[in-house]
Amino acid sequence: MSLVTYELDDHVATITLNRPEARNAINGELRRDLNAAWERFRDDEDAWVGILTANGDVFCAGGDLKDGEGSVGTFGGTFWEKPTINSFESGMELFKPTIAAVNGPCIGYGLTGVLFCDFVIASTTATFAFPEVSIGVPTIVGAIRLPERVRWADAMELLLTGKPITAERAKEVGLVWRLVEPDDLQAQARSWARTLTEAAPLAQRATKEVAWRTANMGWIESVRFGETMRKVAGATEDVSEGIRAWQEKRKPRWRGR
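Here the sequence shown stands for residues 1 to 257, numbered as in our numbering.
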């Protein structure tokens, strides 16, 4: 049985953590399977939007402390070589839209993975925690990502106490984008994914890349980079289709080319 499943339907890829008997704790095998699934999504030309979710009542219990490879990872080569900076938890560049559909506890490594996604849709039963400091170790990638998503003090609440917050609190601080009932979670995630597929996929990726890269650029460099991306995207078949569809007053038929 694969510890991570990958399903593609109508341009929407669903990546599912599939180790419910262990509360979807990340062991070495699951870590490798999850990275492979994200790489497959990134490289799959027919996959335009990705959903990250999990089987069972727990989204992810964090790193499997019984398996050192799962809890902290074991990488060949130096720290800065592949696969560390090319893994989803610490450096993979992915500009396709992504959604996390979270049910139940989302802890440590699982929350780091959720912060990789653009939209977090959570059930009312979800909770979120970075418990690392409660066992004497620092949070690393989560400490980088979380302050980019929420206010500083709200990020520190999670990072420095190790205590969980409710789904309602996560929505209040901006970690969760949309809060739904548990039975509606998957349908809501699919519905939003379908909405995202209505826009031109290459234009979406160019826009997301501009937003991501220019966060650390000066104004002039940001505009220059954005104009470069506009020219690159402007040479695609989808731009011609978008203009043609507008002229003909119909919905565009995107091809991702």
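Positions of the beta carbon are idealized from the N, C-alpha and C atoms, including for glycine.
C-alpha gap between residue i and residue j, whole angstroms
| i | j | result |
| --- | --- | --- |
| R151 | Y109 | 21 Å |
| I243 | T236 | 12 Å |
| W254 | E7 | 21 Å |
| V223 | S134 | 44 Å |
| C117 | S2 | 22 Å |
| W80 | K251 | Residue placement at W80 is flagged as unreliable, the pLDDT there being 46, under the threshold of 50; the coordinate-derived value follows with that caveat. Taking the straight line joining both Cα atoms gives about 45 Å. |
| V114 | K249 | 38 Å |
| R194 | A200 | 12 Å |
| V239 | F225 | 19 Å |
| M92 | W246 | 35 Å |
| D10 | K96 | 15 Å |
| A122 | M229 | 33 Å |
| G218 | A170 | 31 Å |
| E221 | D57 | 46 Å |
| E241 | I51 | 27 Å |
| K66 | L146 | 26 Å |
| G256 | A215 | 26 Å |
| A25 | E227 | 43 Å |
| L202 | S191 | 20 Å |
| L137 | E198 | The question names Leu, but residue 137 in the sequence shown is Val. The alpha-carbon atoms of V137 and E198 are separated by roughly 43 Å. |
| V12 | F119 | 14 Å |
| A233 | W212 | 17 Å |
| E168 | E45 | 36 Å |
| T166 | K231 | 44 Å |
| N35 | A153 | 31 Å |
| R31 | P182 | 26 Å |
Secondary structure of residue i, DSSP reduced to three states
| i | result |
| --- | --- |
| W80 | Any reading at W80 needs caution, since the residue's pLDDT is 46, under 50, leaving its predicted position unreliable; the model's value is listed next. If DSSP states are grouped into helix, strand and coil, W80 belongs with coil. |
| F225 | helix |
| D154 | helix |
| L65 | coil |
| G50 | strand |
| R178 | strand |
| L30 | helix |
| V133 | helix |
| L3 | coil |
| R111 | According to the sequence as given, residue 111 is Leu; it is not Arg. If DSSP states are grouped into helix, strand and coil, L111 belongs with the helices. |
| L196 | helix |
| L94 | coil |
Beta-bridge partners of residue i, as assigned by DSSP
| i | result |
| --- | --- |
| F119 | I99 |
| P105 | T127 |
| D9 | V12 |
| I165 | F128 |
| L17 | V4 and A54 |
Option in the options with minimal Cα separation from residue i
| i | options | result |
| --- | --- | --- |
| V49 | W219, E209 and Q204 | Q204 |
| T14 | T98, R32 and A199 | T98 |
| R149 | N27, T228 and T112 | T112 |
| A54 | R23, M92, D154 and R230 | R23 |
| E21 | D9, A47 and F59 | F59 |
| E29 | A167, D154, T5 and I220 | T5 |
| G63 | P147, E241, N27 and W219 | N27 |
| E132 | V120, E221 and P164 | P164 |
| D33 | D44, L17, D43 and E45 | L17 |
| V180 | A153, A100 and G136 | A100 |
| L94 | A61, F130 and D43 | D43 |
| A61 | R19, V12 and L196 | R19 |
| A47 | A233, E168, G234 and L196 | L196 |
| A155 | N35, F130 and P182 | F130 |
Test: residue i CB closer than 8 Å to a CB of chain B
| i | result |
| --- | --- |
| R244 | This model lacks chain B altogether, as it is built from one protein chain only. |
Does the count of Cβ pairs from the region 94-111 and the region 125-140 closer than 8 Å reach three? yes
Cβ contact (3+ pairs, closer than 8 Å) linking the region 167-177 and the region 32-41: When C-beta atoms of the region 167-177 are compared with those of the region 32-41, fewer than three pairs fall below 8 Å, so the two segments do not count as touching.
Validate contact between the region 176-193 and the region 151-162 using beta carbons, cut 8 Å, 3 pairs: no
contact_flag[the region 135-147, the region 194-210] where n(CB pairs < 8 Å) is 3 or more: no
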